[in-house]
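Residue numbers (our numbering), protein chains in the order written: chain A, 1 to 206; chain B, 1 to 206. Report on the structure given below.
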DNA sequence: TTATCCCTCACCCGAAACAGTGATTCTGGC
DNA sequence: GCCAGAATCACTGTTTCGGGTGAGGGATAA
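Following this line, the structure appears as structure tokens:
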């Protein structure tokens, strides 16, 4: 018997999953929560085997909650749940100890497979989510990492500051800012500010 | 008795709403569809009073479907349904004849109120959706429309072309490109290319 | 017929960005 | 201790950007 708990701020989704699972004889409904706080509240005096966790919730989001759950209750498996397949979020969830990820438009079969797989210690990705993750990995690998300083300066450029302004703002020589800027262009393989910012926004580097 | 039909590609959502509505004595379940095509198929030989329609679906999206439904079956009221409150989509849905818009995280009461309101010819917005629409209206008013030429040049700037390069590409004087560029900065109220591109990407102007 | 907006082109000028090169310091890892 | 990389700073050019200003043609609507 697998005890399933769900955290989602959409009553409709909770209802839907509840409805899909209620006739499964190997699945027991542990309970539900509409936000991170009440989920944590539940686990103070109760437990579950698998937690279906929405990734985007008001207040603390799924990624944060996932991390806490994993630290406090390492025996509870977390299954990410989301409407969209955002590679970045999927990756973050996995880094924070989730055991899998499925989309809300998954079929009943897929949902059950995911629960069973995760409960037995496995990892499950719904097809689209897996591909999305791969896509993300690919695109993020193709882009070399930026140093903290470079990220900082990239943000300031995106906000419209010029080199002299940035220099004054973070107490550095304008020459230094200029160097960092050139490195940014080189690292991201673009030839001017327009491209740089477009790439930065698209790749969520800001 | 209000006959309710639902179009959504998420089985979970359909299940959830079905579950919420099944004990309502004034509500009858007309049926369901997972995409635009099967929805249209249903209405060839059947009908309903209110259609709950997901806005983002594979293939034809809710906005398109809403338009078609409104043309073919003007007596059927459409109630937009979405996870997020995207002002732009809400507006588009309304322009295409929707009677209201609710979020999937609405309560059962809100859902019922929406159905009753829409069925009697009214317009319903769930609180957040209404505000989102207002926000959108405000922000889109604050942003003056760009002329076709300006959009074209904005795109080319975002792709990394310089003024002389753009001029050569579209057979115009570099001075002209420069003028357009300055107009773009003025219209969007930003002070340099970095800000311009960031805004353009964020506002989906490309 | 004005008025308005878009598109086009033109010039001046200062500021900023970009290219190339090179140097020093200070880390962290092997 | 040595090496790699990040971070800092410096100088010299050329190119591009951005501010300001103005002007003429064309299309459209009041």
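Don't be surprised by glycine CBs; every beta carbon is placed ideally from N, CA and C.
_Three or more C-beta pairs below 8 Å linking the stretch 177-197 of chain B and the stretch 155-169 of chain A_ = Because the criterion of three Cβ pairs below 8 Å is met, the stretch 177-197 of chain B and the stretch 155-169 of chain A touch.
_Reduced DSSP category for residue 121 of chain A - H, G, I as helix; E, B as strand; rest coil_ = Coil, per DSSP.
*Report yes or no: do the stretch 7-22 of chain A and the stretch 5-18 of chain B share at least 3 C-beta pairs separated by less than 8 Å?*
Yes, they touch.
*Test: residue 9 of chain A CB closer than 7 Å to a CB of chain B*: Answer yes: the Cβ-Cβ gap between residue 9 of chain A and chain B drops below 7 Å somewhere.
*Which value, in whole angstroms, describes the spacing of the CA atoms of residue 29 of chain B and residue 43 of chain A?*
Those two C-alpha atoms are separated by around 37 Å.
*What are the residues of the stretch 37-64 of chain A that lie near chain B, defined by any Cβ-Cβ distance shorter than 7 Å?*
Residues passing the 7 Å Cβ filter: none.
_Contact set between residue 107 of chain A and chain B, taken where Cβ atoms lie within less than 7 Å_ = Those within 7 Å of residue 107 of chain A in chain B are 11.
*Could you tell me which chain B residues have their CB closer than 8 Å to the CB of residue 201 of chain A, listed as they occur along the chain?*
At a C-beta separation below 8 Å, residue 201 of chain A has these neighbours in chain B: 197, 198, 201 and 202.
*Does DSSP classify residue 31 of chain A as helix, strand or coil?*
Correct three-state label for residue 31 of chain A: strand.
*Which residues in the same chain as residue 66 of chain A place their Cβ atom closer than 7 Å to its Cβ, once the five residues preceding and following it in sequence are excluded?*
The residues are 53, 78, 93, 96, 97 and 98.
_Residue from B/39, B/4 and B/34 whose Cα sits closest to the Cα of residue 25 of chain B_ = Comparing Cα-Cα distances from residue 25 of chain B to each of B/39, B/4 and B/34, the minimum goes to B/4.
*asked:* Please list, in chain order, the residues of the stretch 161-195 of chain A that have any C-beta partner in chain B closer than 9 Å.
replied: Against chain B - using a Cβ distance shorter than 9 Å - the residues of the stretch 161-195 of chain A are 161, 162, 190, 191, 192, 193, 194 and 195.
*asked:* Less than 7 Å between the C-beta atoms of residue 104 of chain A and residue 83 of chain A, yes or no?
replied: A contact, by the Cβ cut-off of 7 Å.
*asked:* For residue 170 of chain A, which residues in the same chain have their Cβ closer than 6 Å to its Cβ, ignoring the five residues on either side in sequence?
replied: So no residue of the chain qualifies.
*Considering only the beta carbon of each residue, do residue 155 of chain B and residue 199 of chain B sit closer than 7 Å?*
No; because the gap between Cβ atoms is not below 7 Å, this pair is not in contact.
_On the CB-based measure, 16 or more other CB atoms within 10 Å of its CB, does residue 48 of chain A come out buried or exposed?_
Label assigned to residue 48 of chain A: buried.
*Reference residue 51 of chain A; option with closest CA among A/180, A/114 and A/106*: Minimum Cα-Cα distance from residue 51 of chain A among the listed residues A/180, A/114 and A/106 corresponds to A/114.
*When the Cα of residue 100 of chain B is compared with those of B/112, B/71, B/31 and B/80, which residue comes out closest?*
Nearest to residue 100 of chain B by alpha-carbon distance, out of B/112, B/71, B/31 and B/80, is B/80.
*residue 79 of chain A in three-state terms, based on DSSP*: It is a strand residue.
*Relative to chain A, which residues along the stretch 143-158 of chain B have a C-beta separation below 8 Å, given in chain order?*
Within the stretch 143-158 of chain B, the residues whose Cβ lies closer than 8 Å to some Cβ of chain A are 157 and 158, listed in chain order.
*Pairwise C-alpha distance: residue 17 of chain B and residue 18 of chain A*: The alpha-carbon of residue 18 of chain A is positioned some 12 Å away from that of residue 17 of chain B.
*Return yes when the Cβ of residue 57 of chain B is within less than 7 Å of the Cβ of residue 35 of chain B, no when it is not.*
Yes. Within cutoff.
_Using DSSP's beta-bridge definition, name the partner residues of residue 54 of chain A._
In the DSSP assignment, residue 54 of chain A forms a beta bridge with A/81.
*Going along chain B in order, which residues have a C-beta closer than 8 Å to the C-beta of residue 20 of chain A?*
What residue 20 of chain A touches in chain B: 11, 12 and 15.
_Quick check: the Cα distance between residue 195 of chain B and residue 179 of chain A, rounded to an integer number of angstroms?_
One C-alpha to the other measures close to 21 Å.
*Evaluate residue 209 of chain B with the Cβ neighbour count: other Cβ atoms within 10 Å of its Cβ, from every protein chain shown; 16 or more gives buried, anything less gives exposed.*
The structure shown does not extend to residue 209 of chain B, since chain B is modelled only from 1 to 206, so the question has no answer here.
*Can you tell me the Cβ-Cβ gap for residue 177 of chain B and residue 186 of chain B, rounded? I've got them flagged as a contact below 8 Å.*
Cβ-Cβ separation between residue 177 of chain B and residue 186 of chain B: approximately 15 Å, too far for a contact (criterion under 8 Å).
*Can you find a C-beta in chain B that's less than 7 Å from the C-beta of residue 83 of chain A?*
Chain B contact via Cβ: present.
*Anything in chain A within Cβ reach of residue 104 of chain B, meaning under 8 Å, just list it in chain order.*
Near residue 104 of chain B (Cβ distances below 8 Å), the residues of chain A are 10, 12 and 13.
*The alpha helix (DSSP H) enclosing residue 42 of chain A, as first and last residue numbers*: Secondary structure note for residue 42 of chain A: its alpha helix (DSSP H) is the uninterrupted segment 36-45.
*Going by beta carbon distance, what residues of the same chain come within less than 6 Å of residue 21 of chain A, once the five residues before and after it are set aside?*
Hits under 6 Å: 27.
_So, with DSSP's three-state summary, where would you put residue 160 of chain B?_
Note: residue 160 of chain B maps to coil in three-state DSSP.
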